[in-house]
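Scroll down for the structure; my scribbles are underneath it.
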Amino acid sequence: MKSRILVVDDESMIRDMLRQVLESDGYEVYEASDGMAAQSIYREEPMDMIITDLSMPERNGLEVIDEVTRSFPNVKIIAMSANASGGCGVDLASARNKGAHRTFPKPFGMGDLKSAVKALLA
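Under UniProt numbering, the residues of the sequence shown are numbered 1 to 122, in order.
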């Protein structure tokens, strides 16, 4: 059975790119454009992994990580952030503290992401 991954980002271009890369590696990919939609989708269809941006409207990625890890402690989480104003490291550290298994500052290499996904889902 294919591993299921929920990609959460308010930028459709990022979601599309991640979908293409992950589907080409054989994963089943779902998308959400914000944290509120992500939590709704995840409650209906639990996933093996969530890849979430941290800065989004409605609920941000930290809130998504917090809620999902409380209800589903075994889900694998990768957090990403493009906050280049000096807060990115803080946000990514907060994501790790809340339960993200890996974090990536945007932009990041697709090879690095693919390796992290493969390792976490192994």
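The beta carbon of each residue, even a glycine, is placed where N, CA and C say it ideally should be.
Check whether A100 and I65 have beta carbons under 7 Å apart: yes
Could you compute how far the alpha carbon of A82 sits from the alpha carbon of A37? The alpha-carbon atoms of A82 and A37 are separated by roughly 20 Å.
For E67, report the span of its alpha helix (DSSP H) as first-last. Segment G61 to S71, the alpha helix (DSSP H) holding E67.
Does DSSP classify S3 as helix, strand or coil? coil
Buried or exposed, going by whether 16 or more other CB atoms sit within 10 Å of the CB of M13? exposed
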